[in-house]
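J.: One structure, pasted below without further comment.
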Amino acid sequence: MADFQIHDLHIHTLKAQESGKIILRDDDHLLRRFGQAELQTMAAGTQTDFTQRIAADELWAVLDGVVSFDLIDQRPNSPTYNAVDSFSIAAKDNQALLIPFGVAYALESDQDSQLLRLATHADDTHTEDQVLPRNTFVERLSQA
């Protein structure tokens, strides 16, 4: 699906006196606005329920391990409405997945993993945001 894109992360080295790396900058233009950054740790064997954000785009980067993303387009006016897709992203690939608003997503990890989530709006900003049980889409995922 065209809206679900994996982006290469452009690692920018910091000045000699600073530690760490910049992995995303405003001029990369992946998020239209910025609302929240979150570091998440997933234990091996973790599966999340589906989350659907009504107005927030989210960018996910796997910092350690490998994580699978299941996506279902719930945007009624989208050309890919009801389409299902899955991606697996490994930290070693230095990639990030942009999930547009209105797309339901769930995560799964077979190993301990660490992720960075950037969102255009903070959690609990919109009452229409939903968490849907993973089994809501099991049949559609098995057909993908």
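Numbering (my numbering), first residue to last: 3 to 146.
Every residue, glycine too, gets a C-beta built ideally from N, C-alpha and C.
None of the values given here were measured: they were computed from a predicted structure.
1) Can you tell me which of F52, T53, D51, G67 puts its alpha carbon nearest to the alpha carbon of Q113?
2) Tell me whether D95 sits in a helix, a strand or coil according to DSSP, three-state version.
3) R77 by DSSP, collapsed to three states: which one?
4) Please list the terminal residues of the continuous beta strand (DSSP E) segment that includes R119.
5) On the CB-based measure, 16 or more other CB atoms within 10 Å of its CB, does E20 come out buried or exposed?
6) How big is the Cα-Cα spacing for F71 and T138?
7) Write down the C-beta distance between P135 and D51 rounded to the nearest angstrom, noting that I regard them as a contact closer than 8 Å.
T.: Let's see:
1) G67
2) helix
3) coil
4) 115-121
5) Confidence is the limiting factor: at E20 the pLDDT is only 45, short of 50, which leaves the residue's position unreliable and the question unanswerable from this model.
6) 15 Å
7) 5 Å
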